[in-house]
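Residue numbers 1 to 974, in the UniProt record's numbering, belong to the letters of the sequence shown in order.
Glycine included, each C-beta is placed from N, C-alpha and C at the ideal position.
A quick note: this is a predicted structure, and the numbers were derived from the prediction, not measured.
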Amino acid sequence: MSSAVQGAKRKREDSDVGIEQDSVSFNSNNENNQSFGNFPQIPKRRRVQVAPQQLSPELELATKLCADICNIGEQNLSFLTNDILYMAVPISGEIVNSEEVRDAILNTVYSVLVEQPHKIPFLSALIQVSNIVNNVVGKYVVEFLHEKAQELLHEFQKSQEQAESEDKEDEIVLGTSECGTWNRLKLVLRFFATLSPIIENDGVFTLFKQFLELAIELQNQCEQRCALAETMYYNTLISVPYITFSDPNNADLILKSNELLELAKSFKIVPSKSLDFFKHFNITNDKTQAAPFDDKCLVDLILPAVLKISENNWQLEYFINIKDALLEMEKNLIEKHGEPAKHQLPQLSFPDIEFLKQVGNLKNIIGNIDTLWKAPRIALQVYLPSANGFETQPPLESYFGLLLRDISQDIIQNLEFNKKTVSQQLLNLAFFFKEKTFSPAGSSIDKLSLINDKRNGINIAVSLDTGDEEDPLKLKLFQLTQEAELDFASGFTSTWKIEDVITESILNLIFNLPNVSNPIIYFYTVLVECCTRQAKAMAPVFGRAIRFFYSNIMLLDFELRSRYLDWLAVQLSNFRFQWKWREWEEDSIALNESKFHPRIVLIKNLIAKEIRLSSKRQIRQTLPEEFYRYLDISLYKKEQIDKYDMEVFGNSCGDIANDKDEMETDEMADLEDVELDSKMKFLKVSNPLKDICFRIFENLQNYGSFEEFNNLVADLKQQAEPFNIPNIDRYIINLVYQSACVIGSRSISHISSFIGVAEFKLKKTVGLDVSNILKEEEEYQGDQFAVIESEGELKTRQQWVIESVLRIWNHEPQVGFLILEMLLTRRILTVDELLRTAFDQENYAILTNVSCTESILRILENLKLFNISNPKEVQECYMLFFKLIVQNMNLVILKINPDENTLITSPDNEDQVSEENEARWCFIGLFLLMKSYLRKFSNEYILIETELENLITELQHKPTQNVLKNLLYKLKNL
């Protein structure tokens, strides 16, 4: 935990959570006697100037020392000697003289090594120098961190025993900087490794050996993958090279490190049987279709990477040689104070192996980094060498590549309380490694390509006429070549970009499966903050990532498509919605008639999201003309709306069904200030029943009595008889629920409040039993709304309710679905009917409309909020969802007419629109949706495993049956 002294430095920002504090005061010319209307003026409260509290000399010194410790290594390397000596002398004195100062220093050291692990080598150097000046410094630090490590293990056992006894479900703590027990132990162990020169005997190696042996024994006693064993194994191995960091030429340290690697070789890596559920890209067919990269688990990469370091005699070539930088200073200090003492580092007391086996799946683990190890950690690779012909970051398989990813993600997760500090530390990360390890900030790919050519012996000198102002491209190439030549001559021969490392590390957390470890908006805002700080350097890097996912979206996991969409919306909204839309223009033209192509779905939903965050008018200004058609975010096409209105109003009800809505005309398509009641055809002049409809509307709006409402409905039925309304009950339901939408259209809170007040009328209109809310004095004669006993008829009426709400809010479907969720909480609707609407064969909104997709996910994730808590009812909801997918798959299969012996694949010509191609994209979308929800709701689906297996046999395609059966088998091991 952070020290109290450091807490003031790291206070949270209101802007992180969108809090704005406003104060309202009345202005007056006469401060003594003024009034506002009939109310007397409230005098302003006088601000009291509070003198800053005078700190004691000890606390003032502690504050300065802790601030300096937090900022260690951030100055130029040439100042490192002076900075460390400047801190070491007072630390060495005050750590003995003042308990308050000692506690502040020790807690700050612990906080920094956990929250900013890239500073561990510099922090270690400070402690070692301080230990020369006063041997007690090392003793205090080693004992304090050993005690912290032991407390972590004790707290872990205690929390797991409590969780097991209470039989809790998976517990992920979001919105906290708590990284977890095992990640903290990793960083403490890493710090101990750098302190090996001041730890006596083999204390460091004994501790490393203890972790490795425990990981090996734990995995050996488990038949399947043990997440905890894998966590300990990886966390220990990635810190082994730090042992020789402080003394790279020490033969004994090298020997002991090699012994640890020999021990690590006996760890048995057990592949997860459910690995397919965690892959970012889905390859489920037998075509020559390949994911953009080979899936690699981090646990498989770490040992080979560390072995390569050992083959290089444990030299960490990209690390700053702090020992040499401080050599002269240490020599002088030793002459003055004598040889530094070494300190004991005892072993740790671990929980027994049987207990660790019980909690080995990390089911109840707490911590935003430890939770990542529940599932196999597959590395997402965005900036591939194949994209440019050279590497723009250290290879994933290398130790440096793995370490940078590990450090970056630790910073992101452990400093989540302040996104500004996170972005600053990430952007400065290159300064903590050898100079010129990375290319200069903001280096373009074109310039790095020239540097790569230069590095490979290609002469990049270009003979150009610099005076040719008619050819700007030629001039730009000349200038770029000159910059590359100068950088190369200055020693910048690397093509690695720290911006790529940072962005890919964050994207790995955003696209982690099965869950994200923090509220996902946090990761989005960190990317935004990085781009805000260094727009010129970061914006092109983000652009390359956006293009990578767009190019491969056909294979991207269904859930990850939604995360990609959200990231794009947040990113663009923070930079005036600017994007190079013309890059996607050809796709939009070629796929103009497509409904299910993943790229068209992405473009349409992205623009819909942007409109939510802004307005149609503003978004239109950022789009080329080709994309104007996506500004119409209606759920249903005009032809569908006309057909629906005809079914409600009938042919004999004047021209009302053919009236155009104001918001549906081309001229008004981009305006937001049209009132919703203009869409309500019941109130149009062309409706012969307008007057009685308006009176019913007024009754609802003015919260009139139910008796009056009932009589008005009776009058409506009587007046409607000459007009041959197709179904008067459907007409009334549409009138009432569209009226409710118009009345509550000011805001979501207004409609929610209205539904609560008008719940009785709304339920009576549908035919629901309201005996639980009907008071005796409210009983009356001539009730127009009989309770519907038939389940089939009731479902039909509930479907009319859904249709009426989505009809009136067709132009803004996200509002319509939110209202339907409110009706669901009031038990006016059921989950069944909402699911059936989402899978409507004419629209397949679950696949094509982001508002529908998000709504269904919210409902299934929060069934208890929607009054569904009975285990049987919960299982029935998930079973229906799966059943609807299988039914629709069968319908789509008929359109494809696939080979009975091969899997259904994406179209051979992905840019061609045809009925069969659309059916193939729809089928793949349904399959990916099924896989995504099986993973997300695995605990629920395991309970209905037998029913699912029987349902899959109904699928009219044997190869797909086999794939789904295999997924269900893997589901058991999820």
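Tell me where the alpha helix (DSSP H) around residue i begins and ends.
| i | result |
| --- | --- |
| T532 | 520-533 |
| I732 | 728-743 |
| R102 | 99-115 |
| Q210 | 203-220 |
| R405 | 399-414 |
| L689 | That residue, L689, is in no alpha helix (DSSP H); it is neither H nor E in DSSP. |
| F596 | Here F596 belongs to no alpha helix (DSSP H), and DSSP marks it neither H nor E. |
| Y878 | 871-896 |
| V422 | 419-427 |
| L189 | 181-194 |
| Q719 | 706-720 |
| R617 | 616-622 |
| F438 | Element bounds for F438: n/a, residue is neither H nor E. |
| H750 | 748-757 |
| Q128 | 120-133 |
| S257 | 251-264 |
Helix, strand or coil: how does DSSP classify residue i here?
| i | result |
| --- | --- |
| C297 | strand |
| F839 | coil |
| T960 | helix |
| I319 | It is Phe, not Ile, that sits at residue 319 in the sequence shown. Three-state DSSP puts F319 in coil, outside helix and strand. |
| residue 985 | Summary: the structure shown does not reach residue 985, with the chain confined to residues 1 through 974, and so no result is reported for it. |
| F245 | coil |
| F697 | helix |
| Q281 | The identity of residue 281 in the sequence shown is Phe, whereas the question assumes Gln. It is a strand residue. |
| I199 | strand |
| residue 1059 | No answer is possible for residue 1059: the residues shown for the chain start at 1 and end at 974. |
| I846 | helix |
| residue 979 | Lying outside 1 to 974, the shown extent of the chain, residue 979 is not represented and no answer is given. |
| L475 | helix |
| G138 | helix |
| G650 | coil |
| C66 | helix |
| Y630 | helix |
| W314 | coil |
Is it buried or exposed for residue i, if we count other Cβ within 10 angstroms and need 16 for buried?
| i | result |
| --- | --- |
| T946 | exposed |
| H811 | buried |
| K580 | exposed |
| residue 977 | Coverage of the chain is limited to positions 1 through 974, which leaves residue 977 absent and any answer about it impossible. |
| Q425 | buried |
| Y703 | exposed |
| Q75 | exposed |
| L676 | buried |
| G756 | exposed |
| G744 | buried |
| S386 | exposed |
| Q160 | buried |
| E328 | exposed |
Quick check on the DSSP output: what are the complete alpha helix (DSSP H) runs of length 4 or more inside the region 557-586, in order along the chain? 558-573
Say whether the region 826-836 touches the region 637-645, bearing in mind that this needs 3 or more beta-carbon pairs closer than 8 Å, one atom from each stretch. no
Cβ contact (3+ pairs, closer than 8 Å) linking the region 428-436 and the region 312-327: yes
Would the region 860-873 and the region 882-899 be scored as touching if the rule is three or more Cβ pairs under 8 Å? no
Does the region 372-383 touch the region 483-495, meaning 3 or more C-beta pairs lie closer than 8 Å? no
On the three-pair Cβ rule with 8 Å, is the region 96-106 touching the region 134-147? yes
Does the region 552-559 come close enough to the region 396-415 that 3 or more CB-CB pairs lie under 8 Å? no
Are three or more beta carbon pairs between the region 345-352 and the region 297-317 nearer than 8 Å? no
Whole runs of the alpha helix (DSSP H) within the region 342-386, excluding any shorter than 4 residues: 353-358
Are three or more beta carbon pairs between the region 945-963 and the region 626-633 nearer than 8 Å? no
Extract the residue ranges of the alpha helix (DSSP H) inside the region 785-829, only unbroken runs of 4 or more that lie entirely within it. 791-808, 813-825
Does the structure place the region 230-242 close enough to the region 196-215 that three or more beta carbon pairs sit under 8 Å? yes
Is the region 734-742 in contact with the region 693-709, if contact means three or more CB pairs nearer than 8 Å? yes
Tell me whether the region 86-100 and the region 110-117 touch, counting them as touching only if at least three CB pairs, one residue from each stretch, are closer than 8 Å. no
Any 3 or more C-beta pairs closer than 8 Å across the region 537-549 and the region 260-275: no
Whether or not the region 584-599 and the region 914-921 are in contact is what I'm after, with contact meaning three or more pairs of Cβ atoms, one per stretch, closer than 8 Å; do they touch? yes
Any contact of the region 867-886 with the region 927-946, i.e. 3+ C-beta pairs under 8 Å? yes
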